[in-house]
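Here's the structure, in structure tokens; my notes come after.
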Amino acid sequence: MLPPNCSAHSAAADLAAGSLLLLECVLGALGNAVALWTFFFRLKVWKPYAVYLFHLVLADLLLAACLPFHAAFYLRHKTWRLGPASFRAMLFLRTLCRGAGVAFLTAVALDRYLRVVHPRLKVNLLSLRAAWGISVLVWLLMAALTHQSVFPAEAEGPGLEPGTASSFGWIWQEALFFLQFILPFGLILFCNAGIIRTLQKRLRDPDKQPKLQRARALVAVVVVLFALCFLPSFLARTLLAAFRGAQRCGALRALVPAGDLTDSLTYLQGALNPAVYCFSNPAFRRSYRKLFYTLTRPLRRRGREAEARGCELRDSDS
């Protein structure tokens, strides 16, 4: 919520945010569609972690479906022509899917941690039915938390963006975002550090070093992905909250567009999650490798044709 007479609109930031959202939509839809196809037609053995990954794919696909509408909002300079009800519905689904994606990514890390570091615990005997039940509870919990920030009480007044008419809605939304960054990031770091320490003790045989290297690569991918997507927005929101309290209009004019751009970056997680799938199961690596070869086939064909023409020219010159 900005102070009165403090405009922070930036056409360049709106264009950059809208363009980034469209790119994330294309990459996320393509990568997660391949992952969904792999789940249905290539994955032969399902375990609890696969159930969590499946729901992560669903969350990312639903998120990709919301991003074109969010991009249009920015490209039209933060105007929405379909009414406040549809705006709040889109905002609810978008925020829900982003939060659910973070939750299921954390669930995958916790499942791997318990199975590797504490393999004798009874929780590792969790059935697939129980994993599906946990996934449904995650969706319901995230829906309840998201509802509070997107749909404030009627007495608080209407408004297109949460927080513009309701201080409670804005505070809840900001608190929810910070919790969705701090708690999952801390858990993911803790779990992955424990996994690496345990594997270093167990996999000392040179023949098992490739497995250790894959585990380290997965840890690096998850941590870098999370930091790249959420840390800039976390810092921007922290500074924005500090300068809002100080009523510093000059700083807000720079921070609000930066906040819009870094918030758009958080949805990049849905487009980059296929990298996590690739390290989780060989079936995903084969699917993405096949997609890569299919997409690059015309380029390779043109390269071979150009090389053949070059050889013919050299032969004719000689």
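Oh and the sequence shown: position 2 is 2 in the UniProt record's numbering, straight run, nothing missing. Think of the CB as a built atom: it goes at the ideal place given N, C-alpha and C, for glycine as much as any other residue.
In terms of residue numbering, what span does the alpha helix (DSSP H) encompassing Trp-37 cover? 11-41 is the span of the alpha helix (DSSP H), which, as asked, contains Trp-37.
Quick check on the DSSP output: what are the complete beta strand (DSSP E) runs of length 3 or more inside the region 80-134, in order along the chain? Look at the region 80-134 and you find no whole run of beta strand (DSSP E) that is 3 residues long or longer.
Thinking just about the alpha-carbon of each residue, which of Leu-20, Gly-194, Val-224 is nearest to the one in Ala-275? The shortest CA-to-CA distance from Ala-275 to any of Leu-20, Gly-194, Val-224 is the one to Val-224.
Straight-line gap, Lys-44 to Thr-38 (C-alpha atoms, nearest Å): Spanning the two alpha carbons is a distance of roughly 10 Å.
Within the continuous alpha helix (DSSP H) that includes Pro-70, where are the two ends? What sits at residue 70 in the sequence shown is His, not Pro. Segment 48-75, the alpha helix (DSSP H) holding His-70.
For Ala-71 and Ala-241, what's the separation of their Cα atoms in angstroms? In this structure, the alpha-carbon of Ala-71 lies about 24 Å from that of Ala-241.
Among the candidates Leu-23, Tyr-49, Phe-41, Pro-84, whose CA atom is the shortest distance from the CA of Phe-279? Of the listed residues, the one whose Cα sits closest to Phe-279 is Tyr-49.
Does the region 51-60 come into contact with the region 78-93, if we say contact requires no fewer than three beta-carbon pairs (one atom in each stretch) closer than 8 Å? No: fewer than three Cβ pairs fall under 8 Å.
Residues of its chain near Arg-98, where Cβ-Cβ distance is below 7 Å and the 5 sequence neighbours each way are ignored: Sequence-distant Cβ neighbours of Arg-98 in its own chain, meaning closer than 7 Å and more than five residues away, are Leu-63, Thr-266, Tyr-267.
Within the same chain, show all residues whose beta-carbon is closer than 6 Å to that of Arg-285, passing over the 5 residues directly before and after it, in chain order. The residues are Cys-278.
From which residue to which residue does the alpha helix (DSSP H) around Val-276 run? 274-280 is the extent of the alpha helix (DSSP H) around Val-276.
For Gly-163, name the three-state secondary structure that DSSP assigns. Any answer about Gly-163 is weak, because its pLDDT of 43 lies below 50 and its placement is not dependable; what the coordinates show is given next. Reduced to three states, the DSSP call for Gly-163 is coil.
Expected contact under 8 Å - CB spacing of Ala-236 and Gly-259 to nearest Å: Between Gly-259 and Ala-236 the Cβ distance is about 4 Å, and since that is below 8 Å, they are a contact.
Assuming the contact rule is C-beta atoms closer than 8 Å, Leu-189 and Leu-110 should be a hit. Round their C-beta distance to whole Å, please. Rounded, the Cβ-Cβ distance is 12 Å, inconsistent with contact.
Going by beta-carbon coordinates alone, are Val-138 and Ala-175 separated by less than 8 Å? No, Cβ-Cβ distance for Val-138 and Ala-175 is not below 8 Å.
Alpha carbon to alpha carbon, what distance is there between Thr-294 and Ala-11? So the two alpha carbons sit approximately 38 Å from each other.
Using only CA atoms, which one of Arg-302, Pro-298, Tyr-288, Ala-283 lies nearest to Leu-27? For the residues Arg-302, Pro-298, Tyr-288, Ala-283, the minimum Cα distance to Leu-27 belongs to Tyr-288.
For Val-219 and Leu-199, the rounded distance between their alpha carbons: Between Leu-199 and Val-219, the alpha-carbon positions lie close to 12 Å from each other.
Grouping DSSP H, G and I as helix and E and B as strand, with all else coil, what is Tyr-288? In the three-state reduction of the DSSP assignment, Tyr-288 falls in the helix class.
Rounded C-alpha distance that separates Glu-24 from Gly-270: Answer to the nearest angstrom: the Cα atoms are 8 Å apart.
Is there at least one Cβ from chain D nearer than 8 Å to Leu-110's Cβ? No chain D appears in this structure, which consists of one protein chain only.
8 Å CB neighbourhood of Tyr-74 in its chain, flanking five on each side removed: Its chain contains Asp-14, Leu-15, Ala-17, Gly-18, Leu-21, Asp-260, Ser-264 as the residues whose beta carbon lies nearer than 8 Å to that of Tyr-74, once the 5 sequence neighbours on both sides are disregarded; these appear in chain order.
According to DSSP, is Tyr-293 helix, strand or coil? Looking at Tyr-293 - three-state DSSP - the assignment turns out to be helix.
In whole angstroms, what is the alpha-carbon distance linking Pro-184 and Leu-114? Roughly 16 Å between the two C-alpha positions.
To the nearest whole angstrom, what separates the beta carbons of Leu-56 and Phe-104, a pair I think is in contact under 8 Å? In this structure Leu-56 touches Phe-104 by the C-beta definition: roughly 4 Å separates them, less than 8 Å.
Under the rule that 16 or more other beta-carbon atoms within 10 Å means buried, what is Gly-101, buried or exposed? It counts as buried.
Short check: CB of Leu-291 to CB of Val-34, under 8 Å? A contact, by the Cβ cut-off of 8 Å.
Measuring only the C-alpha atoms, how far is Ile-195 from Leu-121? The straight-line gap separating the alpha-carbon atoms of Ile-195 and Leu-121 is approximately 15 Å.
Is the beta carbon of Leu-128 sitting closer than 8 Å to the one on Val-51? Yes, the Cβ-Cβ distance between Leu-128 and Val-51 is below 8 Å.
Less than 6 Å between C-beta atoms, sequence neighbours within five positions excluded: which residues of the same chain meet that for Ala-131? Around Ala-131: Pro-48, Val-51.
So what's Thr-266 in DSSP terms, helix, strand or just coil? Taken through DSSP and simplified to helix, strand or coil, Thr-266 comes out as coil.
Verify whether the separation of the beta carbon atoms of Leu-96 and Ala-143 is less than 8 Å. The answer is yes: Cβ separation under 8 Å.
Cut-off 7 Å between Cβ atoms - residues of its own chain near Arg-94, not counting five sequence neighbours on either side: For Arg-94, where only same-chain residues beyond five positions count, the Cβ hits under 7 Å are Leu-63, Cys-66, His-70.
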